[in-house]
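A.B. asks: What follows is a structure written as structure tokens; I'll ask about it next.
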Amino acid sequence: MTATADPPREAFRLGMLLSDTRYRSITIQIIVLALVVLGFAWLVDNTIRNLEQLGKGFSFAFLWAQSNYDINQKLIAYDSTSTHARAAAVGILNTLLLAVLGCATATIIGILAGVLRLSRNWLVGRLMTVYVEGFRNVPLLLWILLIAAAVNETLPPPSAFRGENATAQMLWGSVALTNRGFYIPEPMFSRSLGDLSVFGLFNISLDFMAILGALIAGIWASARVGDWATRRQFETGVRPAVFWPRLGLVVLPPLAVLVALGFHLVPPELRGFNFRGGIHMRDSLIAMWVALSLYTGAFIAEIVRGGILAVPHGQTEAAYSLGLGPTLTMRLVILPQALRVIIPPLISQYLNLTKNSSLAIAVGYMDVTGTLGGITLNQTGREMECLLLLMAFYLIVSLTISAVMNAYNQRVKLKER
459 MTATADPPRE
469 AFRLGMLLSD
479 TRYRSITIQI
489 IVLALVVLGF
499 AWLVDNTIRN
509 LEQLGKGFSF
519 AFLWAQSNYD
529 INQKLIAYDS
539 TSTHARAAAV
549 GILNTLLLAV
559 LGCATATIIG
569 ILAGVLRLSR
579 NWLVGRLMTV
589 YVEGFRNVPL
599 LLWILLIAAA
609 VNETLPPPSA
619 FRGENATAQM
629 LWGSVALTNR
639 GFYIPEPMFS
649 RSLGDLSVFG
659 LFNISLDFMA
669 ILGALIAGIW
679 ASARVGDWAT
689 RRQFETGVRP
699 AVFWPRLGLV
709 VLPPLAVLVA
719 LGFHLVPPEL
729 RGFNFRGGIH
739 MRDSLIAMWV
749 ALSLYTGAFI
759 AEIVRGGILA
769 VPHGQTEAAY
779 SLGLGPTLTM
789 RLVILPQALR
799 VIIPPLISQY
809 LNLTKNSSLA
819 IAVGYMDVTG
829 TLGGITLNQT
839 GREMECLLLL
849 MAFYLIVSLT
859 ISAVMNAYNQ
869 RVKLKER
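Letter by letter, the sequence shown follows residues 459 to 875 of this note's numbering.
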């Protein structure tokens, strides 16, 4: 019995980079990559040379110059003597605030509208159809301007709350809805832990961090209890009653921290021609929040409706045959399966909402586009640098949202053998 020897390999030649299929694809990719890098390098070099001819150069040193302008809505300390970098940070926080608020409320509105649009009640279904089609087919900018005008024209001025013959009253004696914005009570702590300075740039409330830590710990513990209940259900066929224990695990730890810190609310007070104290949510923030929530909620409603319709009708019939009512069927059977269809397009809507927040400049809400891409750009004349920073910010935020939602999508998707 003789062993078959492998044929000798052909010696490598340069011509094999194009003629041999083993090397051809790698060669083409390297050539294309080199051309792209060279083209990008030429573009950057040409841009820098043109800027130097205009006497501008290319530098981010302008970020440390004094800004000389005010910002009406700010989450960190800022005044006109602060730097352009701090003004950009204020704008970034304003953008993130609007994005978080908008995504949360748009999700709630979208889920409710999507479910109600499938309602057997003719009036409810048609009302949701009018809402969805009305908001989806009108440009967002028009809705922003309309809602901003409604806030300014329909709500009373702060002076309407003054005097014995006041024409407006505060809600519950602590909330004032005015055409300058909403004034709500401010949370305070009589036994505060203080603030933590981060590199001298801004402060982080240790009280907030303690509450957030307790909330995260409670949510984690509640999730573990839910996993245990699911395992017991698979083992015994009966799901333990864990709703109230899980709710307690989420609510009680933050509540205990609030009590320990001496939590109390300080309502706003009318002094002179305006309110003082409390938290002031400006009219521009309210208009943007409502417009983005309703507009994006209409798109999410269609996504939810499509996800529900994608679940086979036999699942609903099987749930009814087991004695589940419509509400339990929707919560326990339909929506969990529909999530696998809903999550991917939902990511795009969150990204759209975050990027659409750049329209806030239309109503005077100073987000990062209004600060870095608006006043700072006009004052310094650094168009290229400001626009590159803006693009980098939105890119980072978009990639972060995509990563988080994709991780959640991996968790809820159907596991197959």
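Beta carbons: idealized from backbone N, C-alpha and C, even for Gly. Note that the structure is predicted; figures quoted are calculated from it, not measured.
#1: Examine the ligand FMN and report whether any of its heavy atoms sits within less than 8 Å of the Cβ of Q773.
#2: Using DSSP with H/G/I as helix, E/B as strand and the rest coil, what is Y527?
#3: With distance defined between alpha-carbon atoms, name the residue in A865, E841, L743 nearest to V558.
#4: Compare the Cα-Cα distances from L629 to each of V582, F619, G568 and report the closest residue.
#5: Nearest CA to the CA of A523: which residue from P802, M586, H542, M824?
#6: Applying the 10 Å Cβ sphere with the 16-neighbour rule, what's the burial state of S815?
#7: Could you tell me which uninterrupted alpha helix (DSSP H) segments, each at least 4 residues in length, are contained entirely in the stretch 679 to 745, listed from first to last along the chain?
#8: Which runs of the beta strand (DSSP E) spanning at least 3 residues fall entirely within the stretch 622 to 651, listed in chain order?
#9: Anyone know if the C-beta pair for V826 and A546 falls short of 9 Å?
#10: Do you know whose CA, among G513, P616, R544, lies nearest L830's CA?
#11: In the structure shown, what three-state DSSP assignment does N579 receive?
#12: Classify M646 as buried or exposed, calling it buried when 16 or more other Cβ atoms lie within 10 Å of its own Cβ.
#13: Along the chain, where does the beta strand (DSSP E) containing V656 start, and where does it finish?
#14: Is the CB-CB distance between F520 and T834 below 9 Å?
#15: Just the Cα atoms here: how many angstroms apart are T452 and I550?
#16: Could you tell me the boundaries of the alpha helix (DSSP H) in which G772 lies?
#17: Measure the CB-CB distance between R798 and N864 and report whether it falls below 9 Å.
#18: Which residue wins for smallest C-alpha separation from G639, given the options P712, H738, G631, E727?
#19: Could you check where the alpha helix (DSSP H) with Y808 kicks off and where it finishes?
#20: Is it buried or exposed, S751, if we count other Cβ atoms within 10 angstroms and call 16 or more buried?
#21: Can you tell which of G583, A850, S617, A687 has its C-alpha closest to the C-alpha of R734?
#22: In chain order, what residues of the same chain lie with their CB nearer than 7 Å to the CB of R875, ignoring the 5 residues before and after it?
#23: Taking all protein chains shown into account, do 16 or more other C-beta atoms lie within 10 angstroms of the C-beta of E622, making it buried, or fewer, making it exposed?
#24: What residues match up with I662 in a beta bridge as DSSP calls it?
#25: Between H722 and V709, what straight-line distance do the alpha-carbon atoms span, to the nearest angstrom?
#26: Let me confirm a value: W601 is counted as buried when at least 16 other C-beta atoms fall within 10 Å, else exposed. Which label applies?
#27: Going straight from the alpha carbon of Y481 to that of N836, what length do you get?
#28: Output the boundary residues of the alpha helix (DSSP H) element that contains I605.
#29: Helix, strand or coil for T838? Go by DSSP, reduced to three states.
#30: Where R869 and V862 are concerned, what is the direct C-alpha to C-alpha distance, given to the nearest angstrom?
#31: On the DSSP bridge assignment, give the partners of T587 in chain order.
#32: Flag this pair as yes or no: are the beta carbons of L576 and R763 separated by less than 9 Å?
#33: Determine the direct distance from the alpha carbon of I489 to that of M459, and round the result to whole angstroms.
#34: Am I right that L651 and A624 are in contact with their C-beta atoms under 8 Å? What's the rounded C-beta distance?
#35: Less than 9 Å between the C-beta atoms of P703 and G676, yes or no?
#36: What three-state label does DSSP hand T827 in the structure shown?
C.D. replies: Taking the geometry as given:
#1: By its list of ligands, the structure shown contains no ligand whatsoever, and the ligand FMN lies outside what it can speak to.
#2: As a working mapping, residue 527 is identified with position 69 in the sequence shown. Under the three-state reduction of DSSP output, Y527 falls in the coil class, being neither helix nor strand.
#3: Within the sequence shown, residue 558 is the residue found at index 100, counting from 1. Nearest of A865, E841, L743 to V558, Cα basis: L743.
#4: Within the sequence shown, residue 629 is the residue found at index 171, counting from 1. Looking at the Cα atoms, F619 is the closest of the given residues.
#5: The residue labelled residue 523 in the question sits at position 65 within the sequence shown. Checking every option, the nearest Cα to that of A523 belongs to H542.
#6: Within the sequence shown, numbered from 1, the residue matching residue 815 stands at position 357. Looking at its Cβ environment, which holds 16 or more other Cβ atoms inside 10 Å, S815 is buried.
#7: The stretch 679 to 745 contains these whole alpha helix (DSSP H) runs: 701 to 718.
#8: Complete beta strand (DSSP E) runs here, min 3: 634 to 636, 639 to 642, 644 to 647.
#9: As a position in the sequence shown, residue 826 is number 368, starting the count at 1. As a position in the sequence shown, residue 546 is number 88, starting the count at 1. Yes, the Cβ-Cβ distance between V826 and A546 is below 9 Å.
#10: Working through the sequence shown from its first residue, we reach residue 830 at position 372. Ranked by how close their Cα comes to the Cα of L830, the residues G513, P616, R544 have R544 in first place.
#11: Sequence index remark: in the sequence shown, residue 579 carries index 121 (1-based). N579 falls in the coil class under three-state DSSP.
#12: As a working mapping, residue 646 is identified with position 188 in the sequence shown. M646 is exposed by the Cβ-count criterion.
#13: Counted from its first residue, the sequence shown places residue 656 at position 198. For V656, the uninterrupted beta strand (DSSP E) segment begins and ends at 653 to 656.
#14: The residue you call residue 520 lines up with position 62 of the sequence shown. The residue you call residue 834 lines up with position 376 of the sequence shown. In this structure, F520 places its C-beta atom within 9 Å of the C-beta atom of T834.
#15: There is no way to answer for residue 452, as the model of the chain reaches only from 459 to 875.
#16: Your numbering for residue 772 matches position 314 in the sequence shown. From DSSP, the alpha helix (DSSP H) with G772 extends over 771 to 779.
#17: The sequence position of residue 798 within the sequence shown is 340, counting from 1. The sequence position of residue 864 within the sequence shown is 406, counting from 1. Annotated as distal: R798 and N864, with beta-carbon spacing of 9 Å or more.
#18: Residue 639 sits at position 181 when you count from the first residue of the sequence shown. For G639, the closest C-alpha among the options P712, H738, G631, E727 is that of H738.
#19: Taking the first residue of the sequence shown as position 1, residue 808 is located at position 350. Unbroken alpha helix (DSSP H) run through Y808: 793 to 814.
#20: Your numbering for residue 751 matches position 293 in the sequence shown. Under this definition S751 is a buried residue.
#21: Reading the sequence shown from its first residue, position 276 is the one you call residue 734. In this structure, S617 is the residue among G583, A850, S617, A687 with its C-alpha nearest to the C-alpha of R734.
#22: Locating residue 875 in the sequence shown gives position 417, where the first residue counts as 1. At R875 the pLDDT is 49, less than 50, meaning the model places this residue with poor confidence; the figure from the coordinates comes in the next sentence. So the list is empty, once near-sequence residues are dropped.
#23: The residue you call residue 622 lines up with position 164 of the sequence shown. It is exposed - the Cβ of E622 has fewer than 16 other Cβ atoms within 10 Å.
#24: Within the sequence shown, numbered from 1, the residue matching residue 662 stands at position 204. L654, per the DSSP bridge assignment.
#25: Position 264 of the sequence shown, counting from 1, holds the residue named residue 722. Position 251 of the sequence shown, counting from 1, holds the residue named residue 709. Rounded to the nearest angstrom, the two C-alpha atoms are 17 Å apart.
#26: As a working mapping, residue 601 is identified with position 143 in the sequence shown. Under this definition W601 is a buried residue.
#27: Here residue 481 refers to the residue found at position 23 of the sequence shown. Here residue 836 refers to the residue found at position 378 of the sequence shown. Between Y481 and N836, the C-alpha separation is close to 52 Å.
#28: As a working mapping, residue 605 is identified with position 147 in the sequence shown. 598 to 612 is the extent of the alpha helix (DSSP H) around I605.
#29: As a first step, residue 838 is located in the sequence shown; it is residue number 380 there, counting from the start. Annotated three-state conformation of T838 is helix, per DSSP.
#30: By 1-based counting over the sequence shown, the position of residue 869 is 411. By 1-based counting over the sequence shown, the position of residue 862 is 404. If I take the Cα positions, the gap works out to 11 Å.
#31: Numbered from 1 along the sequence shown, position 129 holds the residue referred to as residue 587. Bridge partners of T587 according to DSSP: none are assigned.
#32: Here the question's residue 576 lines up with position 118 in the sequence shown. Here the question's residue 763 lines up with position 305 in the sequence shown. Taking the C-beta atoms as reference points, R763 is found nearer than 9 Å to L576.
#33: For the purposes of this step, residue 459 is identified with residue 1 of the sequence shown, where counting begins at 1. For the purposes of this step, residue 489 is identified with residue 31 of the sequence shown, where counting begins at 1. In this predicted model, M459 has a pLDDT of only 49, less than 50, meaning its place in the structure is not dependable enough to derive any value.
#34: By one-based count along the sequence shown, residue 651 stands at place 193. By one-based count along the sequence shown, residue 624 stands at place 166. In this structure L651 does not touch A624 by the C-beta definition: roughly 39 Å separates them, more than the 8 Å allowed.
#35: Along the sequence shown, one-based indexing puts residue 703 at 245. Along the sequence shown, one-based indexing puts residue 676 at 218. Contact: no.
#36: Sequence index remark: in the sequence shown, residue 827 carries index 369 (1-based). T827 falls in the helix class under three-state DSSP.
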